[in-house]
Amino acid sequence: MPFSHDMVYSLTTVVDLLNTSPAAGGGEGLTSVEDLRAFVGRRVISDVENLDDRDLAEVRELRDEFYKVFTAPDRETAVSLLNTLLGRTRITPSLAEHDGFSLHVHYFAPGASLAEHLAADCGVALAHVLVEDERDRLRTCAAPDCDHVFVDESRNRSRVYCDSRTCGNRMHVAAYRARRRA
Numbered sequence: 001m002p003f004s005h006d007m008v009y010s011l012t013t014v015v016d017l018l019n020t021s022p023a024a025g026g027g028e029g030l031t032s033v034e035d036l037r038a039f040v041g042r043r044v045i046s047d048v049e050n051l052d053d054r055d056l057a058e059v060r061e062l063r064d065e066f067y068k069v070f071t072a073p074d075r076e077t078a079v080s081l082l083n084t085l086l087g088r089t090r091i092t093p094s095l096a097e098h099d100g101f102s103l104h105v106h107y108f109a110p111g112a113s114l115a116e117h118l119a120a121d122c123g124v125a126l127a128h129v130l131v132e133d134e135r136d137r138l139r140t141c142a143a144p145d146c147d148h149v150f151v152d153e154s155r156n157r158s159r160v161y162c163d164s165r166t167c168g169n170r171m172h173v174a175a176y177r178a179r180r181r182a
């Protein structure tokens with residue numbers, strides 16, 4: 001994948017966020033501020049202080065907007081949706097080095113809320129995917145009982161399951177059993 005480490009990290013963050021959505025085939029993964037704090041900790045999101053119910057509501061709304069971008073039916077729709085999202089975001093690029101990460105670019109403005117932080121950093125990462133004409137790497141799991149999203153980072157763009165150890169293995173075992181029965 002032609003993206004830098006920090007872009008891949010932001011893309012992984014947006015995927016993790018999207019997979020907390022009921023739209024991704026499970027229940028609501030952000031049911032409380034505690035769940036949101038756990039997400040922030042898991043993704044090592046810097047410069048986030050106190051979180052409250054307002055942050056939770058804003059991040060859920062942002063998550064829904066990102067999901068529409070990620071699953072847009074075509075490039076033009078994805079670009080339009082992302083431009084609308086980025087147009088409402090204060091983007092202030094700055095270089096940062098923290099938490100054991102090497103020098104990288106932050107796009108969120110100082111003092112930004114968690115939702116603004118995610119909109120800026122993850123939005124710019126998605127913008128790079130679109131600019132590099134790599135939209136086909138934004139995928140939904142091919143397992144019939146899974147709607148999780150993922151970014152296909154394989155060289156030949158061949159990944160079809162969100163996780164090869166769970167969905168991929170389950171589908172391969174099912175195919176093997178079906179062949180054995182035939």
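Numbering (the UniProt record's numbering), first residue to last: 1 to 182. Just so you know, even glycine gets a beta-carbon here, dropped at the ideal spot from N, CA and C. This structure is a prediction, so every number in the text was calculated from the model and none was measured.
Status (buried if at least 16 other CB within 10 Å, exposed otherwise) for residue i
i, result
"residue 13", "buried"
"residue 6", "buried"
"residue 139", "buried"
"residue 74", "exposed"
"residue 133", "exposed"
"residue 116", "buried"
"residue 89", "buried"
Span separating the alpha-carbon of residue i from that of residue j
i, j, result
"residue 53", "residue 29", "15 Å"
"residue 150", "residue 22", "15 Å"
"residue 70", "residue 135", "9 Å"
"residue 78", "residue 3", "19 Å"
"residue 99", "residue 46", "8 Å"
"residue 39", "residue 182", "45 Å"
"residue 26", "residue 168", "18 Å"
"residue 105", "residue 94", "6 Å"
"residue 50", "residue 180", "56 Å"
"residue 145", "residue 159", "17 Å"
"residue 101", "residue 44", "10 Å"
"residue 37", "residue 57", "13 Å"
"residue 112", "residue 48", "8 Å"
"residue 31", "residue 154", "33 Å"
"residue 103", "residue 76", "33 Å"
Distance CB(residue i)-CB(residue j) smaller than 7 Å
i, j, result
"residue 10", "residue 96", "no"
"residue 109", "residue 84", "no"
"residue 114", "residue 35", "no"
"residue 137", "residue 152", "yes"
"residue 127", "residue 107", "no"
Inter-residue CB distance, residue i and residue j (contact presumed, cutoff 8 Å)
i, j, result
"residue 62", "residue 130", "Not a contact, Cβ separation roughly 18 Å."
"residue 59", "residue 118", "7 Å"
"residue 72", "residue 147", "The Cβ separation is near 15 Å, so there is no contact."
"residue 161", "residue 178", "Actually they are not in contact, since the Cβ atoms of residue 161 and residue 178 sit about 17 Å apart, beyond 8 Å."
"residue 123", "residue 86", "5 Å"
For this session: Please confirm if the stretch 61–79 is in contact with the stretch 18–25, defined as three or more CB-CB distances below 8 Å between the two stretches.
Result: A contact between stretches requires three or more CB pairs, one per stretch, nearer than 8 Å, and the stretch 61–79 meets this requirement with the stretch 18–25.
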